[in-house]
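For reference, the structure is listed below as structure tokens.
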Amino acid sequence: MKAVFLREMASYFIAPAGYVYLAAFYCLAGYEYSVLILNGQAEMSYEFTFLYTVTLLLTPVLTMRLMSEDRKQKTDQMLFAAPVSLGGIVAGKYMAAVVVFLMGIGVTILHAFALAPFSEINWAIFWGNLAGLSVMGMAGIALCMFISAQTESQIIAAIGGFACMLVVISLNSLAAVVPFPALQELLYSISFYDRYYNLTMGIFQFSDFMLFFSFAALFFFLTVRTLERRRWSGQ
Numbered sequence: 020m021k022a023v024f025l026r027e028m029a030s031y032f033i034a035p036a037g038y039v040y041l042a043a044f045y046c047l048a049g050y051e052y053s054v055l056i057l058n059g060q061a062e063m064s065y066e067f068t069f070l071y072t073v074t075l076l077l078t079p080v081l082t083m084r085l086m087s088e089d090r091k092q093k094t095d096q097m098l099f100a101a102p103v104s105l106g107g108i109v110a111g112k113y114m115a116a117v118v119v120f121l122m123g124i125g126v127t128i129l130h131a132f133a134l135a136p137f138s139e140i141n142w143a144i145f146w147g148n149l150a151g152l153s154v155m156g157m158a159g160i161a162l163c164m165f166i167s168a169q170t171e172s173q174i175i176a177a178i179g180g181f182a183c184m185l186v187v188i189s190l191n192s193l194a195a196v197v198p199f200p201a202l203q204e205l206l207y208s209i210s211f212y213d214r215y216y217n218l219t220m221g222i223f224q225f226s227d228f229m230l231f232f233s234f235a236a237l238f239f240f241l242t243v244r245t246l247e248r249r250r251w252s253g254q
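See below:
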């Protein structure tokens, strides 16, 4: 797992993918932060609301090459033959993407401490927003990594990942128009939005974290199963 993790981290920064992702994230976060300061809205919650959308847009870009590139270059066959479990391969790739993602949202900590001398910051709300964005991103990375494992095209992986992320965060809106109470209750119970909103209010509940972690674990497992099927089929 460690070797796969280091390989993926190196690939993010040997190729421009990691730099492009972080540059885009930092520029967008910095732009929103500057706008808020210039408008006298010294409230970090506004920046996190903006970064919620940024995460939706950029997570598929971060993960689009995780699995598809190895499949296209046939280097996945070397990984299958390596003395590491398929779970270790997926874990190494997943953790590399998570680290790069956390490097991106970590800029909000700098913004908060830069703002603190000039404005009173509600730290419970701040850490709740950061925790919510973190676990949502980790769940999204697992989902988009699974999509990447289904194709050798990075473009298809990115588009598919974006579409799936859009569906997942829209479950709350979908539930509002579903005419069947049982289905409506199910959609509300697995909705990202309600759980994320609780965290942004500084409400830390075990069930909210478990939804995101369970979602990530599910798609982690499905990605391992996808690789297992490909290994035995020789594809």
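Note that the sequence shown covers residues 20 to 254 in the working numbering.
For glycine and all other residues, C-beta sits at the position ideal for the given N, C-alpha and C.
None of these values were measured; they are calculated from a predicted model.
- In this structure the region 161-170 does not lie against the region 191-211, because fewer than three pairs of beta carbons, one per stretch, are closer than 8 Å.
- Judged by beta-carbon spacing, Ile108 lies within the 8 Å limit of Leu246, meaning their Cβ atoms are closer than that value.
- Met229 counts as exposed, since fewer than 16 other C-beta atoms from the protein chains shown sit within 10 angstroms of its C-beta.
- In the three-state reduction of the DSSP assignment, Val243 falls in the helix class.
- Counting along the chain, the unbroken alpha helix (DSSP H) around Lys21 starts and ends at Lys21 to Ile33.
- Around the CB of Glu139, fewer than 16 other CB atoms lie within 10 Å, so the residue is classed as exposed.
- Look at the beta carbons and you see the region 194-213 not touching the region 132-148: under three pairs across the two are nearer than 8 Å.
- Annotation: Arg244 to Tyr40 spans about 28 Å, alpha carbon to alpha carbon.
- Phe223 and Ser252 have their alpha carbons spaced roughly 44 Å apart.
- The residue among Gly179, Tyr113, Phe199 and Ser226 with its C-alpha nearest the C-alpha of Ala158 is Tyr113.
- The three-state reading of DSSP puts Thr170 in coil, since its state is none of H, G, I, E or B.
- In the three-state scheme derived from DSSP, where H, G and I count as helix and E and B as strand, Arg84 is classed as coil.
- Spatial neighbours of Leu55 in its own chain (CB-CB distance under 8 Å, excluding positions within 5 residues in sequence) are listed in chain order as Ala61, Glu62, Tyr65 and Glu66.
- Scanning the region 185-225 from its first residue to its last, the whole alpha helix (DSSP H) runs of 4-plus residues come out as 190-196, 200-208 and 211-219.
- Counting of Cβ neighbours within 10 angstroms places Ala161 among the buried residues, the total reaching 16 or more.
- Setting aside the 5 residues that flank it on each side, Ala235 is surrounded in the same chain by Met157, Ala158 and Ala161, each with a C-beta closer than 7 Å to its C-beta; the list follows chain order.
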